[in-house]
Amino acid sequence: MANTVIGSSIVIDGEITGEEPLTILGTVKGKISVAQSLAVEAGATVEADVEAQTVTVSGRLTGNVVARERLELKPESKMVGDAKSPRIVIADGAGFKGNVDMDV
Amino acid sequence: MADKETVIGPETRISGEVRGEEDLIVRGHIDGKVQLTQTLTVEKGATVQADVDVRHLLIAGTVVGTMVASESVKLASTARVVGDLASPRVMMEAGAAYRGRVDMGDIAAARAAVSSRAVQRPAASEKSTTRPAPPRMATPAKAVVVGKAAAPVAPATRPVTPAVAGAPGPASPPAFPRVAGAMGSMTPAWAKKKIRRR
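The listed protein sequences correspond, in order, to chains A and B.
Numbering-wise, my numbering puts 30 at position 30 of the first sequence, and it's gapless, one number per residue.
Numbering-wise, my numbering puts 1027 at position 27 of the second sequence, and it's gapless, one number per residue.
See the structure below:
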């Protein structure tokens, strides 16, 4: 079970911290820091600096991302901001603007 | 996927403002403000320190703040609630602990008062932990000082051992208890009765 889900009509303005997987279908502005995975689903809007183990973006993400393990931009996703992660996957069709830092 | 419910899991904390047009279930923590057109459910073990403006409010956990529910409020037997409450229908189960004022009349005025109040954290990412506690929270914290008897309501039938009372005391913020573990040193009388029963 996905432990924390932010539904599509929900708007959060502030900070989310957690030790469990987080799925966002709505809108989050501010800062996100989770120990596990973050999924920004299709239709979701995130304007936040993000820190997580793995980050999967299918929606729209604006902000700097630090993914300790893996960052994946799915087709149709849009991301603006700097990405820092040892493994970064950008699918065909994804939109991305920003710096990539893979620690090499 | 369209109607996935919104859940704040037990290991997740949100500080800031939450708005929405769907049901919200809290198992973790929210600090700040919650504004929904539907139902807010605060489950057992969850804590919400926020001004709340919703349609239905179901509380089985802990809520500190001003609450407005345009249709109903229900405090379950495990609820621990401090703050003023405005709703046309208010239900409290036996065992619920509540301190504050209830207003079943003028919801509009109460709602205006809540919604005009700004979230007390201007910057989204900074110092969420140092945010000043809401004014009401200072009062319940005065319950026990080590070596002193508790409030007159709770006579010291069980002496407070320094180990129990000392441990969480200084480290925890002087606020309403957030988790069961912190309930040693700063518990209001009603909550202590509960602990003693175990």
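Glycine residues also receive a C-beta, built at the ideal position from the N, C-alpha and C atoms.
Model, not experiment: these values are computed from the prediction.
Check                                                                                                                                                                                          : Outcome
Give a yes or no on whether 8 angstroms exceeds the smallest Cβ distance from residue 1016 of chain B to chain A.                                                                              : yes
Quick one: any contact between the stretch 1035-1043 of chain B and the stretch 42-59 of chain A, if contact means 3 or more CB pairs under 8 angstroms?                                       : no
Once you ignore the five residues that flank residue 96 of chain A on each side, which residues in its own chain have a CB closer than 7 angstroms to its CB?                                  : 73, 79 and 90
Would you list the one or two residues that DSSP bridges to residue 101 of chain A?                                                                                                            : A/84
Quick one: which residues of the stretch 2-17 of chain A get their C-beta closer than 9 angstroms to a C-beta of chain B? List them in chain order.                                            : 2, 3, 4, 5, 6, 7, 8, 9, 10, 11, 12, 13, 14, 15, 16 and 17
Exposed or buried, residue 21 of chain A, counting other C-beta atoms within 10 Å across all chains shown (16 or more means buried)?                                                           : buried
Would you say residue 76 of chain A faces chain B, with C-beta separation under 8 angstroms as the test?                                                                                       : no
Nearest-angstrom Cα distance between residue 1168 of chain B and residue 57 of chain A?                                                                                                        : With a pLDDT of only 46 at residue 1168 of chain B, under 50, the local geometry of the prediction cannot be trusted, and the value read off the model is given with reservation. Residue 1168 of chain B and residue 57 of chain A: Cα-Cα distance of roughly 40 angstroms.
Is there at least one Cβ from chain A nearer than 8 angstroms to residue 1006 of chain B's Cβ?                                                                                                 : yes
Classify residue 1079 of chain B as helix, strand or coil using the three-state DSSP reduction.                                                                                                : coil
Taking the C-alpha atoms as reference points, what is the distance between residue 1091 of chain B and residue 1061 of chain B?                                                                : 15 angstroms
With DSSP as the reference, label residue 1112 of chain B as helix, strand or coil.                                                                                                            : helix
Report, in whole angstroms, the separation of the C-beta atoms of residue 1083 of chain B and residue 1095 of chain B, which I expect to be a contact under 8 angstroms.                       : The pair is not a contact, with the Cβ atoms about 19 angstroms apart (cut-off 8 angstroms).
So is residue 5 of chain A buried or exposed if we call it buried at 16+ other beta carbons inside 10 Å?                                                                                       : buried
Am I right that residue 1077 of chain B and residue 1093 of chain B are in contact with their C-beta atoms under 8 angstroms? What's the rounded C-beta distance?                              : 4 angstroms
Return the chain-ordered list of same chain residues with a C-beta closer than 6 angstroms to the C-beta of residue 1086 of chain B, the five sequence neighbours on each side being excluded. : 1068, 1103, 1107 and 1110
Can you tell me which residues form a DSSP beta bridge with residue 1084 of chain B?                                                                                                           : Looking at the DSSP assignment, residue 1084 of chain B forms no beta bridge with any residue, so it has no partner.
What separation, rounded to the nearest whole angstrom, lies between the Cα atoms of residue 66 of chain A and residue 1047 of chain B?                                                        : 29 angstroms
Of all Cβ atoms in chain A, is any one closer than 8 angstroms to the Cβ of residue 1129 of chain B?                                                                                           : At residue 1129 of chain B, the pLDDT of 44 sits below 50, so the modelled position is not reliable; the number obtained from the coordinates is stated separately. Cβ-Cβ to chain A under 8 angstroms: no for residue 1129 of chain B.
For residue 1074 of chain B, write down the residues that DSSP places opposite it in a beta bridge.                                                                                            : B/1058 and B/1091
In its own chain, which residues sit with a C-beta less than 6 angstroms from the C-beta of residue 55 of chain A, not counting the 5 before and 5 after it?                                   : 38, 65, 67 and 71
Could you give the residue range of the beta strand (DSSP E) that holds residue 1024 of chain B?                                                                                               : 1024-1026
Tell me the rounded alpha-carbon separation between residue 1080 of chain B and residue 36 of chain A.                                                                                         : 30 angstroms
Taking beta-carbon pairs under 8 angstroms, can you tell me which members of the stretch 87-98 of chain A lie near chain B?                                                                    : none
With a 10 Å radius around its C-beta and 16 neighbouring C-beta atoms as the bar for buried, classify residue 1105 of chain B as buried or exposed.                                            : exposed
How many angstroms separate the CA atom of residue 84 of chain A from the CA atom of residue 33 of chain A?                                                                                    : 14 angstroms
Going by C-alpha distance, which of B/1010, B/1020 and B/1035 is nearest residue 1114 of chain B?                                                                                              : B/1035
When DSSP labels each residue in this structure, what does residue 1107 of chain B get in the three-state scheme?                                                                              : helix
Given this structure, state the Cα-to-Cα distance separating residue 29 of chain A from residue 1066 of chain B, to the nearest angstrom.                                                      : 24 angstroms
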